[in-house]
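Chains as they are written, first to last, in the UniProt record's numbering: chain C, 1 to 168; chain X, 1 to 168.
Here is the structure we will look at, set down as structure tokens.
Protein chains: 2
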Amino acid sequence: MILTDEEYMAIAFEEAQKAAEIGEVPIGAIIVYEGEVIARAHNLREATRNAVMHAELMAIQEACTIQNRWRLEDTTLYVTLEPCPMCAGAILQSRIPRVVYGARDHKAGSVHSLYNLLSDNRLNHECDITEGILQQQCSQLLSDFFKALRNRKKEEKRLRKLKDSQEE
Amino acid sequence: MILTDEEYMAIAFEEAQKAAEIGEVPIGAIIVYEGEVIARAHNLREATRNAVMHAELMAIQEACTIQNRWRLEDTTLYVTLEPCPMCAGAILQSRIPRVVYGARDHKAGSVHSLYNLLSDNRLNHECDITEGILQQQCSQLLSDFFKALRNRKKEEKRLRKLKDSQEE
Numbered sequence: 001m002i003l004t005d006e007e008y009m010a011i012a013f014e015e016a017q018k019a020a021e022i023g024e025v026p027i028g029a030i031i032v033y034e035g036e037v038i039a040r041a042h043n044l045r046e047a048t049r050n051a052v053m054h055a056e057l058m059a060i061q062e063a064c065t066i067q068n069r070w071r072l073e074d075t076t077l078y079v080t081l082e083p084c085p086m087c088a089g090a091i092l093q094s095r096i097p098r099v100v101y102g103a104r105d106h107k108a109g110s111v112h113s114l115y116n117l118l119s120d121n122r123l124n125h126e127c128d129i130t131e132g133i134l135q136q137q138c139s140q141l142l143s144d145f146f147k148a149l150r151n152r153k154k155e156e157k158r159l160r161k162l163k164d165s166q167e168e
Numbered sequence: 001m002i003l004t005d006e007e008y009m010a011i012a013f014e015e016a017q018k019a020a021e022i023g024e025v026p027i028g029a030i031i032v033y034e035g036e037v038i039a040r041a042h043n044l045r046e047a048t049r050n051a052v053m054h055a056e057l058m059a060i061q062e063a064c065t066i067q068n069r070w071r072l073e074d075t076t077l078y079v080t081l082e083p084c085p086m087c088a089g090a091i092l093q094s095r096i097p098r099v100v101y102g103a104r105d106h107k108a109g110s111v112h113s114l115y116n117l118l119s120d121n122r123l124n125h126e127c128d129i130t131e132g133i134l135q136q137q138c139s140q141l142l143s144d145f146f147k148a149l150r151n152r153k154k155e156e157k158r159l160r161k162l163k164d165s166q167e168e
């Protein structure tokens, strides 16, 4: 059964929510082949203590394993946030023909924001790109996460100060 | 014991030779911490059928595992060829402070050739970069590899034609 871009993105969004639940920056990705979700992953950098454990990079590796090939032809990658240079590069390496993402990443996005890595005709692969699917929802999840993180840090600071003043 | 850049690059070069021996594009990388080689890897894309199994990306993951952290502070990465967008991105993600490479990659190099990903002050990390260490040797290994590959393909084509003409 073939779903709509919004429906596939909703599955990537579920992955992002799983990341948020364990304190990881909430980004999720899936890879679809012939209508079927063949790989799904969420950011696990903190849990694994591994710098490259971004959602897209893990989903790509899972799809390569499942398809037993490094060229992920005829697949679509859905990701909640615009890919960073590493993940855009991994998309090029795996020759994924179509990429759909939710929100733009103005700090490191390498599909439209800082670079156009997926549409550079000097490189040996270019992608069809669709952006803005469930944009609001994907973006909100990230801003809520960072807001909660800031509040937690403020509260920790306040408690530390309180403790210090009591010890004086 | 602290070695020179040339000596460390010679170890990365040994890794590249291992790749050539098994028919992989000959690129090798190592990561050094306090003078010691803590990770070494060579390109394994074909053997693993995994698009992201580049030397640098594997060495970074190995170093993260060994150091049990995703920030590879105080390390140097040596690689025989200028990193591609994915590997340059992985270097940024892991906050490696210094990168030394052998030959430029005019087709996909993202440190100097096509992009300057490791010295873009809009991103959250920049590296000290040294290029051209054992440049000639690293470059020669790659051109020999591709020359042998072209010759092998030509020979296969010739044998196929011969076989076809005998079957007619």
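The beta carbon of each residue, even a glycine, is placed where N, CA and C say it ideally should be.
In this text the structure is predicted, and so the values were computed from the model without any measurement.
Using alpha carbons as the reference points, say which of the options lies closest to residue i.
i, options, result
"Arg104 of chain C", "C:Ser143, C:Glu15 and C:Leu123", "C:Ser143"
"Gln135 of chain X", "X:Glu167, X:Tyr101 and X:Leu159", "X:Tyr101"
"Glu14 of chain X", "X:Ala41, X:Glu34, X:Asp5 and X:Leu3", "X:Ala41"
"Ile27 of chain X", "X:Ile38, X:Leu57 and X:Val37", "X:Leu57"
"Thr4 of chain C", "C:Lys163, C:Glu167, C:Thr130 and C:Ser119", "C:Thr130"
"Ser94 of chain C", "X:Asn50, X:Cys84, X:Leu72 and X:Ile91", "X:Asn50"
"Glu24 of chain X", "X:Val111, X:Glu36, X:Leu44 and X:Thr65", "X:Leu44"
"Val52 of chain C", "X:Thr48, X:Glu46 and X:Thr65", "X:Thr65"
"Asp128 of chain C", "C:Ile22, C:Gln137 and C:Leu118", "C:Leu118"
"residue 174 of chain C", "C:Ile22, C:Leu92 and C:Gln137", "Because chain C is modelled from 1 through 168, residue 174 of chain C falls outside the range shown and cannot be assessed."
"Ile38 of chain C", "C:Tyr8, C:Ala16 and C:Glu21", "C:Tyr8"
"Asn124 of chain C", "X:Arg150, X:Arg98, X:His106 and X:Cys138", "X:His106"
"Ala63 of chain X", "C:Arg69, C:Ile22, C:Ala63 and C:Thr48", "C:Thr48"
"Gln132 of chain C", "C:Ser113, C:Asn121 and C:Gln166", "Here the sequence assigns Gly to residue 132 of chain C, which means Gln is not the residue at that position. Comparing Cα positions, the closest option is C:Ser113."
Name the DSSP bridge partner or partners of residue i?
i, result
"Arg98 of chain X", "X:Thr76 and X:Asp128"
"Leu81 of chain X", "X:Ala103"
"Ile30 of chain X", "X:Arg40 and X:Tyr78"
Return the chain-ordered list of same chain residues with a C-beta closer than 6 angstroms to the C-beta of residue i, the five sequence neighbours on each side being excluded.
i, result
"Ala29 of chain C", "Ala12, Ala41, Ala55, Glu56, Ala59 and Val79"
"Thr75 of chain X", "Ile31, Tyr33 and Ile96"
"Glu46 of chain X", "Glu24"
"Leu77 of chain C", "Ile31, Ile96 and Val99"
"Ala108 of chain X", "Cys84"
"Leu159 of chain C", "none"
"Tyr115 of chain X", "none"
"Cys138 of chain X", "Thr80, Gly102 and Ala103"
Only counting the same chain, and skipping five residues up and downstream in sequence, which positions put a Cβ closer than 8 angstroms to that of residue i?
i, result
"Arg71 of chain C", "Ser94 and Arg95"
"Met1 of chain C", "Gly35"
"Leu141 of chain C", "Phe13, Ala16, Gln17, Ala20, Pro26 and Thr80"
"Ala10 of chain X", "Leu134"
Quick one: what's got a C-beta closer than 7 angstroms to residue i's C-beta in the same chain, skipping five residues either side?
i, result
"Ser110 of chain X", "Pro83, Cys84, Pro85, Ala88 and Leu117"
"Glu168 of chain C", "none"
"Ala90 of chain X", "Glu56, Leu57 and Ile60"
"Phe145 of chain C", "Ala20, Val25 and Pro26"
For the ligand ADP, is there a heavy atom less than 7 angstroms away from the beta-carbon of residue i?
i, result
"Asn124 of chain C", "Among the components modelled here there is no ligand, and therefore nothing to report on the ligand ADP."
Cβ-based contacts, 8 angstroms cut-off: residues of the region 83-96 of chain X near chain C: Cys84, Pro85, Met86, Cys87, Ala88, Gly89, Ala90, Leu92, Gln93, Ser94 and Arg95
Where the region 48-62 of chain C meets chain X: residues whose CB sits under 7 angstroms from a CB there: Arg49, Asn50, Ala51, Val52, Leu57, Ile60 and Gln61
Contiguous alpha helix (DSSP H) assignments of at least 4 residues, all confined to the region 105-167 of chain C: Qualifying alpha helix (DSSP H) stretches, in chain order: 135-167.
Residues from the region 36-48 of chain X in contact with chain C, defined by Cβ distance under 9 angstroms: Arg45, Glu46 and Thr48
Selection of the region 107-140 of chain X by Cβ proximity to chain C, strictly under 9 angstroms: For the region 107-140 of chain X, which is checked against every Cβ of chain C, the residues closer than 9 angstroms are Lys107, Ala108, Ser110, Leu114, Tyr115, Leu117, Asp120, Arg122, Leu123 and Asn124.
Chain-ordered residues of the region 147-158 of chain C with a beta carbon less than 8 angstroms from chain X: Within the region 147-158 of chain C, no residue qualifies.
Contacting positions in the region 66-80 of chain X - beta carbon closer than 9 angstroms to chain C: Across the region 66-80 of chain X, CB contacts with chain C closer than 9 angstroms involve Gln67, Asn68, Arg69, Trp70, Arg71 and Leu72, in sequence order along the chain.
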